[in-house]
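Engineer:
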Amino acid sequence: MRFTSTLLLLPSIALAQDQQPLADKVKGWFKQAQSYVQSVQSAAPSIPKVEVEDPVDAAASAAEAKLVHHLTLDNWQGILQPTAQSNPDEPEEWMVFINGANKTCYGMCERADKAWKEAVPLLSAQPSGPQLASIDCDAEQILCNSWAVGPPSIYVMLLPHVLPDQTKPQTTIYAVPLNRTTVTAMDINNIHAKEEYKKLTPYEGYFHPFDGLIAQYGLSVPLAHLMWGLAKMPSWLPMVAISLGTRTFMGRRTGRGNQPAPAQGGAAQ
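The numbers in this note's numbering rise by one with no breaks, and the one at position 92 of the sequence shown is 82.
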């Protein structure tokens, strides 16, 4: 009798064991699915992540070898010369960016400086791109004074090769001003790409760095120092000097007028 009752209780015991909470069953199914996905991901080959490079960065990387020469009073004559790889039958194009900061540009050259930095990769990426150089007029005030240039601007120089008889043709220079508030990298790029500089008249004044009258007589640097000294002079000093000079001059003239007349000859007998 006891055996028979035990047999009758077996189905109810099994059913009690199978009656687990539904939430526990769902958690178990989720864990099984998660482990399966992880096993599949570990077995599948990893796909490398492809990054799209910015066009400007790509151009900068491709033109990394292109150097922007920083000109100073001591090195500019040695740098601004046709390179060995240029065509000896044609002048070589150079673009010189003339920049400044608080001293010479009164803090208004930041946009032009940013545009130049963005234009350098564009110019360098071109097969026939010009050689590049720059001048910081804040640091090289004497050099900028000797050229009589001010920021922001660009000098496009066509540097000729020395002829077989050791003579050198004249250097053609175009002075291209830059707008401080609107200039962009494309504006600077188009100076070369579209030859915008040829719309201007070549500079042939006294302060021409190579062929000007002042440079030919070797007076560029002394005159630049004089101009630099006058710029450093306080505004009141010339007025004081003029006032003292005027008073001295007028005092001498007044002194002569107050002198007694020379004695006349003796009275007639």
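Glycine is no exception: its CB is placed at the ideal position from the N, C-alpha and C atoms.
With burial defined as no fewer than 16 other Cβ atoms inside 10 Å of the residue's Cβ, what is the status of P111: buried or exposed?
Structural biologist: Start at 1 with the first residue of the sequence shown, and residue 111 comes out as number 121. P111 comes out buried.
Engineer: Would you tell me roughly how many angstroms separate the C-alpha atoms of E108 and D128, rounded to the nearest one?
Structural biologist: As a position in the sequence shown, residue 108 is number 118, starting the count at 1. As a position in the sequence shown, residue 128 is number 138, starting the count at 1. Approximately 21 Å, taken between the alpha carbons.
Engineer: Pull up the DSSP beta-bridge partners for W84, would you.
Structural biologist: Within the sequence shown, numbered from 1, the residue matching residue 84 stands at position 94. According to DSSP, W84 bridges with Q121, M147.
Engineer: Taking the beta strand (DSSP E) that V58 falls in, what are its first and last residues?
Structural biologist: The sequence position of residue 58 within the sequence shown is 68, counting from 1. That run of the beta strand (DSSP E) goes 58 to 60.
Engineer: Which term fits I265, buried or exposed, when burial requires 16 or more other beta carbons within 10 angstroms of its beta carbon?
Structural biologist: The question about residue 265 has no answer, for the chain in this structure spans -9 to 259.
Engineer: Helix, strand or coil for D126 per DSSP?
Structural biologist: Taking the sequence shown and counting its residues from 1, one reaches residue 126 at position 136. If DSSP states are grouped into helix, strand and coil, D126 belongs with the strands.
Engineer: From S118 to W84, what does the alpha carbon distance come to, in whole angstroms?
Structural biologist: Position 128 of the sequence shown, counting from 1, holds the residue named residue 118. Position 94 of the sequence shown, counting from 1, holds the residue named residue 84. Distance between the alpha carbons of S118 and W84: 11 Å.
Engineer: Please look up how many angstroms separate the CB atoms of V86 and Y164, rounded, as I've assumed it's under 8 Å.
Structural biologist: Here the question's residue 86 lines up with position 96 in the sequence shown. Here the question's residue 164 lines up with position 174 in the sequence shown. 11 Å between Cβ atoms; not a contact.
Engineer: Under the three-state reduction of DSSP, which class applies to N89: helix, strand or coil?
Structural biologist: Along the sequence shown, one-based indexing puts residue 89 at 99. Three-state DSSP puts N89 in a strand.
Engineer: Does the distance from the C-beta atom of P81 to that of T162 stay below 8 Å?
Structural biologist: Numbered from its first residue, the sequence shown carries residue 81 at position 91. Numbered from its first residue, the sequence shown carries residue 162 at position 172. Result yes, Cβ atoms of P81 and T162 sit closer than 8 Å.
Engineer: Take R114 as the anchor and find which of V173, G68, I132, N179 has the nearest alpha-carbon.
Structural biologist: Looking up residue 114 in the sequence shown gives position 124. According to the sequence provided, residue 114 is Ser. The question's Arg does not apply to it. That would be N179, whose Cα lies nearest to the Cα of S114.
Engineer: Beta-carbon separation of P142 and L168 under 8 Å?
Structural biologist: Position 152 of the sequence shown holds residue 142. Position 178 of the sequence shown holds residue 168. Yes, the Cβ-Cβ distance between P142 and L168 is below 8 Å.
Engineer: Considering only residues of the same chain and omitting the five flanking positions on each side of N92, which have a CB-CB separation below 8 Å?
Structural biologist: For the purposes of this step, residue 92 is taken as residue 102 along the sequence shown, with counting starting at 1. Taken in chain order, the residues that qualify are D128.
Engineer: Determine the closest residue to K188 out of V166, R170, G219, with distance taken between C-alpha atoms.
Structural biologist: Here residue 188 refers to the residue found at position 198 when the sequence shown is read from its first residue. Checked all of V166, R170, G219; the closest Cα to K188 is V166.
Engineer: State the DSSP-derived secondary structure class of P111, mapped to helix, strand or coil.
Structural biologist: By 1-based counting over the sequence shown, the position of residue 111 is 121. Here P111 sits in helix by DSSP.
Engineer: Mapping the DSSP letters down to three states, classify P212 as helix, strand or coil.
Structural biologist: For the purposes of this step, residue 212 is identified with residue 222 of the sequence shown, where counting begins at 1. Residue state, collapsed to three classes: helix.
Engineer: Which residue's Cα is closest to the Cα of L70: C99, M98, M147?
Structural biologist: In the sequence shown, the residue the question calls residue 70 occupies position 80. Answer by Cα proximity: M147.
Engineer: Based on Cα-Cα distance, which residue from V58, V152, E100, L63 lies nearest to S76?
Structural biologist: As a position in the sequence shown, residue 76 is number 86, starting the count at 1. Considering only alpha carbons, the answer is V152.
Engineer: Evaluate Y96 with the Cβ neighbour count: other Cβ atoms within 10 Å of its Cβ, from every protein chain shown; 16 or more gives buried, anything less gives exposed.
Structural biologist: As a first step, residue 96 must be located in the sequence shown, where it is residue number 106. When all chains shown are included, Y96 counts as exposed.
Engineer: Report the residue from D177, N89, G235 whose alpha carbon sits nearest the alpha carbon of G140.
Structural biologist: Position 150 of the sequence shown, counted from the first residue, corresponds to residue 140. Of the candidates D177, N89, G235, the one whose C-alpha sits nearest the C-alpha of G140 is N89.
Engineer: What span of residues does the alpha helix (DSSP H) with A183 cover, start to end?
Structural biologist: Along the sequence shown, one-based indexing puts residue 183 at 193. Its alpha helix (DSSP H) spans residues 175 to 183.
Engineer: Measure the C-alpha to C-alpha separation of M217 and A138 and round it to an integer number of angstroms.
Structural biologist: Counting from 1 along the sequence shown, the entry for residue 217 is found at position 227. Counting from 1 along the sequence shown, the entry for residue 138 is found at position 148. Taking the straight line from one Cα to the other gives about 10 Å.
Engineer: Does the separation of the CB atoms of T62 and L133 fall below 8 Å?
Structural biologist: In the sequence shown, residue 62 corresponds to position 72, counting from 1. In the sequence shown, residue 133 corresponds to position 143, counting from 1. Yes. Within cutoff.
Engineer: Please confirm whether Q116 and A183 have their CB atoms less than 8 Å apart.
Structural biologist: For the purposes of this step, residue 116 is taken as the residue at position 126 of the sequence shown. For the purposes of this step, residue 183 is taken as the residue at position 193 of the sequence shown. Yes, they are a contact pair.
Engineer: In terms of alpha-carbon separation, which member of L57, S136, R237 lies closest to A205?
Structural biologist: For the purposes of this step, residue 205 is identified with residue 215 of the sequence shown, where counting begins at 1. For A205, the nearest C-alpha among the options comes from S136.
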